[in-house]
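According to my numbering, the sequence shown is numbered sequentially starting from 864.
Notes for the one structure printed next.
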Amino acid sequence: MKSDESMDIPLKFAGRHTSTDPRYNVSFQCLYEGTATQGNPTLLNEIYTELFIAESESGEISNEHEVRQIETQSRRAATEDTAIKCRDIFRPLPGQDKANRTVLTKGVAGIGKTVSVQKFIVDWAEEKENQDIQLIFPLPFRELNLMKNKTLRLSDLLHIFFPETKQIEISSGEYKVLFIFDGLDDNVRLCDESESVSVDVLLTNLIMGNLLPSALIWITSRPAAADLIPSECVHRVTEVRGFNDPQKEEYFRKRISDQSLTERIISHLKSSRSLHIMCHIPVFCWISAAVLEKMLSRAESGEIPKTLTQMYTHFLIIQTNIKHEKDYEKKVKDKDMILKLGKLAFQQLVKGSLIFYEEDLRECGIDETEASVYSGLCTQIFREEFGLFQGKVFSFVHLTIQEHLAALYAHFCFTNKNIQTKESLLSKILNLREYVLLSELHQRAVDEALQSKNGHLDLFLRFLLGLSLESNQTLLRELLTQTRSCSYNKEETIQYIKEKIRRNDSPERSINLFHCLNELGDLSLMQEIQDYLTSKKIKEIKLSSSQWSALVYVLLTSEQEMDVFVLKKFTGSQNTADEVLRKLLPVVKESRSVL
């Protein structure tokens, strides 16, 4: 189940009703969890789980970290008015009479946009759905971006990707055609006026309807890049919300054959609210299944993961073990491989990049030969994709894996007193002196994450704090044998975070700090509020600013639906209606209605 911008180039174009009837797209029939180079593929229709796709408004660009967007969506998915099946993406809703020529489908990385495209194509090719369409041309933005400086006609572009089209006159109007542009993100430049005849402009004219106005257009995009498509060109905006709670369970039951084990996995995930919310992302379901299937199916030493840091650290160990099973080149040591990937992850995270190129690898000491080895032995951590033009494109399977490796690298460099690395990398974003305590490193990281306008360091911070715990350091020593234990008073960090919560006027910005407390094992603020809610004494207590923030966090991460927010549950002699409304505004925003 690949992450964003990862659709495979088919060997043949997805056409059915031509004289040659080329139904060759095996790559669309199979779902590769990780990448095609590892493990056996699964038939898409055997494991495919329907995703929650909703009609959306255009222009809603969020500046929050994508995981925070998922946490927000987990509250409203069940109350969304208009759900759309993938197969109906171009069909008008009941009561609508407008045609949907151009559809923009947005969603965070790993949420299932590419798999939805794949399912649409498979159902069409098997003559189950959308039989009015005769030709489908899937064109990944990542590949198109490598061609941005080329001057081509549309027919030239199609002949390069789909040589079979040389026998077909697309512009004749004889065929109803669908173009799918998969994986627009903020690394992709759609249009540059200085290149008047470039591929960028060619695509823009196609999307705007200046070329082939009768063709259907489907664009998938991460939310941060959705506004790169002019709103006047888009007839429908949809949003992939991932799995709702029943769909999460359906996925695990399809993914794991042992149903008693499946039930134990589901039960464990439900016991950790932060993990259960993350399961809205299909890629995280796959990561959780990989880890928990191993840990719960036999007697394993160590704690069953209850936090994100524990889950991703176990996942990294599993993937490095794949190297030993496959007996890859022995000259590549686990430690060297992980630290080089970690350095790459850290550098690219600071830049805000999800995709990178050979020169980025060389900067981290990874040459072309090593890159192939890394891609082979850690295919589910680090993916190598061959572009048709100008070399290779690289990425991590998911942003969260990149963030975990970046935090692991920062923690290792600090605890092993790698001063040169600290000066060249860590100090750039954390303004570190030559020697500081680990708690001071964490405090600087907290400050930097709070100052980020788009929250791009939020998960990095959670992983960095989580890796400081002794239980996770024990796991790390399995991977990085020279990792030192560091003396660390986590109470200093906990108190610093609580002080930040107390002083922070924005409850939304405090949400991630509560997740950080959870990673450090401190649930005192949340438990205090939970006790007030259970005893219904919340109206009688004069809440501090920290307690208001804790109340927002508890309500937003609660399993209970918030279809209707009832103000009087929280108002009383100590808390006025006006104060409740202001302090709990983030909760109000995610409720369908307010009394």
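Note that beta-carbon positions come from the ideal geometry of N, C-alpha and C, so glycine has one too.
These numbers come from a predicted model, not from an experiment.
Excluding five sequence positions before and after V980, the CB atoms of its chain that fall closer than 6 Å to its own CB belong to I1043, D1045, given in chain order. Looking at the DSSP output, V1103 sits in a beta bridge with I916.
Secondary structure note for G1228: it is in no alpha helix (DSSP H), with a DSSP letter that is neither H nor E. By alpha-carbon distance to L1458, the top candidate from V1450, L1179, S1135, K1431 is K1431.
A distance of 8 Å or more separates the beta carbons of A1088 and F1115.
Using a Cβ distance threshold of 8 Å, L1041 and S1084 do not count as a contacting pair. DSSP, read as helix, strand or coil, puts S1436 in coil. Looking at the DSSP output, P1003 shares a beta bridge with D1045. Here L1330 is not near V1309, since their CB atoms are 8 Å or more apart. In the three-state scheme derived from DSSP, where H, G and I count as helix and E and B as strand, I910 is classed as helix.
Setting aside the 5 residues that flank it on each side, L1124 is surrounded in the same chain by E1156, L1159, S1160, each with a C-beta closer than 8 Å to its C-beta; the list follows chain order.
Of all C-beta pairs linking the stretch 988-1008 to the stretch 1023-1040, three or more are shorter than 8 Å, placing the two stretches in contact. In this structure, H1098 places its C-beta atom within 8 Å of the C-beta atom of R964.
By a beta-carbon distance limit of 8 Å, L1204 contacts L1268. Their separation comes to about 6 Å.
In the three-state DSSP reduction, Y1038 falls in the coil class, being neither helix nor strand. Rounded to whole angstroms, the gap between the alpha carbons of L1017 and S1134 is 53 Å. Beta bridge pairing from DSSP links S1084 with K969, L1047.
Boundaries of the alpha helix (DSSP H) harbouring S1408: 1408-1419, taken from the DSSP string. Contact between the stretch 1140-1154 and the stretch 1170-1182 is present: 3 or more CB-CB pairs across the two stretches fall below 8 Å. If you draw a 10 Å sphere on the C-beta of D1394, you find fewer than 16 other C-beta atoms in it, and that means exposed. Boundaries of the alpha helix (DSSP H) around M1141: 1136-1141. At a Cβ-Cβ threshold of 8 Å, H1378 and S1137 count as neighbours. Annotated as distal: K982 and L1091, with beta-carbon spacing of 8 Å or more. If you look at C1148, you'll find it in the alpha helix (DSSP H) that goes 1145-1160. For S1094, the three-state secondary structure derived from DSSP is helix. Sixteen is the threshold: since fewer than 16 other Cβ atoms of the shown chains lie within 10 Å of the Cβ of S1094, the residue is exposed. Within the stretch 1326-1393, the runs of alpha helix (DSSP H) at least 4 residues long that lie entirely inside it are, in chain order, 1333-1342, 1353-1366, 1370-1382.
With 16 or more other Cβ atoms from the protein chains shown falling within 10 Å of its own Cβ, T1028 counts as buried. N1012 counts as exposed, since fewer than 16 other beta carbons sit within 10 angstroms of its beta carbon.
In terms of Cβ geometry, T1101 and E918 form a close pair [threshold 8 Å].
Each residue's CA atom was taken as its position, placing D960 and I952 some 14 Å apart.
Using a 10 angstroms sphere on the CB of Q1210, the tally of other CB atoms reaches 16 or more, which defines it as buried.
By the beta-carbon neighbour count (other beta carbons within 10 angstroms, threshold 16), E1422 is exposed. Shown here for S1373: same chain residues with a beta carbon closer than 6 Å to its own, the five before and five after excluded, namely I1364, N1367, S1412 in chain order.
Looking at Q1122, K1117, E1233, the one whose alpha-carbon comes closest to that of I1201 is E1233.
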